[in-house]
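Chemist: Residue numbers (this note's numbering): 10 to 76. Cβ atoms here follow ideal geometry from the backbone N, Cα and C, with glycine treated the same way.
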Amino acid sequence: MNIDVDKLSKRLAANATISDYDFWRASKTINQALYMMDRYNLPIPIDVLRARNIIRQARNRRRNSFY
Numbered sequence: 010m011n012i013d014v015d016k017l018s019k020r021l022a023a024n025a026t027i028s029d030y031d032f033w034r035a036s037k038t039i040n041q042a043l044y045m046m047d048r049y050n051l052p053i054p055i056d057v058l059r060a061r062n063i064i065r066q067a068r069n070r071r072r073n074s075f076y
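1. What's the gap between the Cα of Leu51 and the Cα of Asn24?
2. Pull up the distance between the alpha-carbon of Tyr76 and that of Met46, whole angstroms please.
3. So, under 8 angstroms CB-CB, Val57 and Ile39 are touching, yes? Tell me the CB distance rounded to an integer number of Å.
4. Could you tell me the alpha carbon to alpha carbon distance between Tyr44 and Ile53, rounded to whole angstroms?
5. How close, in whole Å, do the beta carbons of Ser28 and Arg70 come, if the pair is a contact with beta carbons under 8 angstroms?
Written as C-alpha cells, this is what we have:
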C-alpha cells in the first residue's frame, strides 16, 4: 500500500469539516497509543507512525496557512 503522506496531509489540512480540535485530539490519541505500546514493549506498527506524521503535517499546514 503506497500512501502519499504529503498529498494526504494537504487534503486533510484543506478539509473544512475537520476542526483544529479534531487534529489535536487525533494527535493526542495517537501519541497516547504509542506511549502505551512503548511502555509494554509492544511492537509499534508503521501505520501508526505514518498516521502521526500525516496528522502532524496537516496541523502544521493549516497553522501556517492562516498566517
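Modeler: Taking the definition as stated:
1. 34 angstroms
2. The pLDDT assigned to Tyr76 is 41, lower than 50, so where the model puts this residue is not dependable; a value taken from the coordinates is nonetheless given after this. Looking at the two C-alpha atoms, the distance is approximately 36 angstroms.
3. 6 angstroms
4. 10 angstroms
5. The Cβ separation is near 15 angstroms, so there is no contact.
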